Each structure stands twice: as C-alpha cells, then as structure tokens.
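Under this note's numbering, read the sequence shown as residues 6 to 327, first letter to last. Cβ atoms here follow ideal geometry from the backbone N, Cα and C, with glycine treated the same way. All figures in this text were calculated on a predicted structure; none of them were measured in a lab. First up is the structure itself, then whatever we jot down about it.
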Amino acid sequence: MSYLDATEDLYKKAALTPDVGLCCTTTPVWKFPELEIPKIMLEMNYGCGSTVNPRDLVNNPKILYVGVGGGMELLQFSYFSRQKGGVTGIDIVDEMLDASKKNFKEAEELNPWFKSDFVDLKKGDALNLPVEDESIDVAAQNCLFNIFKLDDLKKALKEMYRVLKPHGRLVLSDPICDQDMPENLRNDDRLRALCLSGSIPLKDYIKMLTDVGFGTIEVRAKRPYRILDTNHYDTDENIMIESVEVCAIKDPIQEDGACVFTGKSAIYFGNEDFFDDKKGHVMMQNQPLAICDKTAGALADLNRDDIYISESTYHYDGGGCC
C-alpha cells in the first residue's frame, strides 16, 4: 500500500464516521450575516486553518477547492459566489464526496440563500485536476498538500497554477515544520496522512510556490499547531509543527525575483516629508509601510539610520509595497 492509499483509507473512514479530533483548525470559523454552518460540517472540518478571505472573493469568482472534507469551506465560498457551479469541489474519496453532498442538503435548510447546485462536486485527483486551463479565479486547499511527498507536491502545485487565470489566487493552509523531521517519522504513512510528518520548512514551502511561477506570495498567518513529543513519537527531541496560511498570486515574477510578504514593515523617520528609494517605494514620514522581504533587503542595504525595518511577523493582510 502506498502512502496515498493509506491517506485515502484514513479519509474514507473519516467520511463515514466523523472524527472531531482528526484536525484542529487554529483559525476561528468565519461568521457572516445569514450564514449558518451545520454542526456536522464543523465536526468534519479537517483543516488546520482557513482558506476563506473576503478580499479574495470579489466579482463573482469561479472557485476551486481540492479535498472537500465535510463541505464547510465550500459552503463559505458559495456565500461569495452565489451561482450555479460557481464553486467546484474535487476529492479522490467517494465517501467524502457523498458526505459533502448530504451535508449540503442540511445547509440548504439552514441557509435560504444557498442551493446545492452552487457547488459542483467532482471525483478527481489533485495531481491531475479535471479542470480546464486558466478557468479559475481562486483555488484553495486546506491541510492536504502537506501530505504529498515532494515530487507529488510539485505536481499538485503545477496543476493549481495551470487552472488559475492570470492574477488568480491560490490560497493554502498547511502544517509546516522548520526543524529537521526524522526520516522514520517522515516515512510513516499514517503520520503523513494525519498531516504531521510531511510538514516541510516554510522557506521550502515558499520556494516551491515561486519555482512553479507564482510571482507574489503572502504569508497571512503562522501559528503553533502540534508537537511530536518524545513520549508519544519515535523522536529524540520534541518537534514543533505550525500551521500556515498562504496566498500565492499568479503574477509574473519580476526580474529581481518574486515578492514574498512575511509581515515586515518599514518606517521612515528622517527630517524630510517622505523618502523615495527611486524603485517605486515612497515612505511618508513616520508612517509604516508593509514591505516584501525583497524590498526589506534593499532598504537594509542602504544602511540608513532613519529607516526602521521590522522582523517578519508572518501576518500580512495587504497594503504592501508592490
């Protein structure tokens, strides 16, 4: 049995018998007017964060969600795309598709605005998406891609890039781990399927996105998630796993590299009204400006004593330099 077979088996069981403790989202569930989420969807929320952000979801977007879970985020996305087939949900597990379809009927009873045909559920593989090229405005996945081994992760990211329109957005929530993961844990198929031992460092995660071609990366949140401790796992040291929420935008990569926002800001506090670096960045006197890591490096190289550059907060929510 391959690691992907083990993953399918685990989530088949989770579809037939909801497992509340399987994942524990570290992001509060979005609350919107006239949106009621069925209890069963909350119990089947097998994610580690959220991929739903209102500022991504304007002008009736076409949305793709891979790995449907109990359908909660599909319902949330439908709130912003109230059209037949506005949201496409793809999963390889028949039982999970059936569970979501059943949960949508309950959602219809709680939400007069919602119709099940707002969501087009399809059986499909993240490594070979049954979706046309450049047909999607917003693609998302939650706590799925970290399961993939690196070669398969590259395929999954390339598929997401392929189906997105120019300037489309890929929103991801995944566990990451900046410590070295012992090979015995990394090769444990069940731990990988549980979204634990497949976690990779954030810098590697971001590099894989830019290598595929995404020109803008936004790290929107990073939080503690799980600990693989020495008492319960075969490891010589405690291993901290965090969850991260990232948006990768299908912008062209600039000549000097991708713009990666990790929550850094710059403040100019000199004697002039503003500072212009002649590279498109104008900072008003004593006003913070969100900057990408590339701009942070360029400003630091100026060695000025009147520009403050913060450390990464790993919380970026727009309004940046690029």
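Candidates the options: closest to residue i by CA position
| i | options | result |
| --- | --- | --- |
| residue 251 | 222, 102 and 137 | 222 |
| residue 102 | 261, 77 and 238 | 77 |
| residue 153 | 282, 7, 135 and 287 | 7 |
| residue 302 | 63, 292 and 314 | 314 |
| residue 295 | 172, 271 and 175 | 271 |
| residue 309 | 298, 290, 275 and 236 | 275 |
| residue 87 | 150, 144 and 117 | 117 |
| residue 72 | 246, 212, 34 and 56 | 56 |
| residue 246 | 196, 287, 286 and 288 | 196 |
| residue 228 | 248, 41 and 212 | 248 |
| residue 208 | 15, 298, 139 and 140 | 298 |
| residue 212 | 9, 237 and 158 | 158 |
| residue 128 | 106, 47, 39 and 305 | 106 |
Sub-8 Å separation of residue i and residue j beta-carbons
| i | j | result |
| --- | --- | --- |
| residue 224 | residue 166 | no |
| residue 69 | residue 112 | no |
| residue 19 | residue 51 | yes |
| residue 268 | residue 319 | yes |
| residue 17 | residue 98 | yes |
| residue 104 | residue 186 | no |
| residue 162 | residue 214 | yes |
| residue 133 | residue 100 | no |
| residue 241 | residue 273 | no |
| residue 206 | residue 234 | no |
| residue 131 | residue 176 | no |
| residue 257 | residue 220 | yes |
| residue 62 | residue 136 | no |
| residue 115 | residue 13 | no |
Distance between beta carbons of residue j and residue i, contact taken as under 8 Å
| i | j | result |
| --- | --- | --- |
| residue 124 | residue 83 | 6 Å |
| residue 323 | residue 60 | 7 Å |
| residue 169 | residue 255 | 5 Å |
| residue 54 | residue 198 | Not a contact, Cβ separation roughly 18 Å. |
| residue 278 | residue 292 | With a Cβ gap of about 10 Å, residue 278 and residue 292 do not count as contacting. |
| residue 151 | residue 200 | 6 Å |
| residue 75 | residue 45 | 6 Å |
Cβ-based burial, residue i [other Cβ within 10 Å; buried from 16]
| i | result |
| --- | --- |
| residue 203 | buried |
| residue 307 | exposed |
| residue 253 | buried |
| residue 2 | Not covered by the structure: residue 2. The range shown for the chain is 6 to 327. |
| residue 156 | exposed |
| residue 43 | buried |
| residue 173 | buried |
| residue 65 | exposed |
| residue 232 | exposed |
| residue 22 | exposed |
| residue 266 | buried |
| residue 90 | exposed |
| residue 180 | buried |
| residue 281 | exposed |
| residue 287 | exposed |
| residue 239 | exposed |
| residue 37 | exposed |
| residue 58 | buried |
| residue 194 | buried |
| residue 147 | buried |
| residue 236 | exposed |
Residue i Cβ short of 7 Å to the ligand MN heavy atom set
| i | result |
| --- | --- |
| residue 22 | Although the ligand MN was asked about, the structure shown includes no ligands whatsoever. |
- [ ] Would you check if there are 3 or more beta carbon pairs closer than 8 Å linking the region 86-104 to the region 112-130?
- [x] yes
Open item on the list: Could you check whether the region 180-197 touches the region 258-266, counting it as contact only if at least three pairs of C-beta atoms, one from each stretch, sit closer than 8 Å?
Closed with: no
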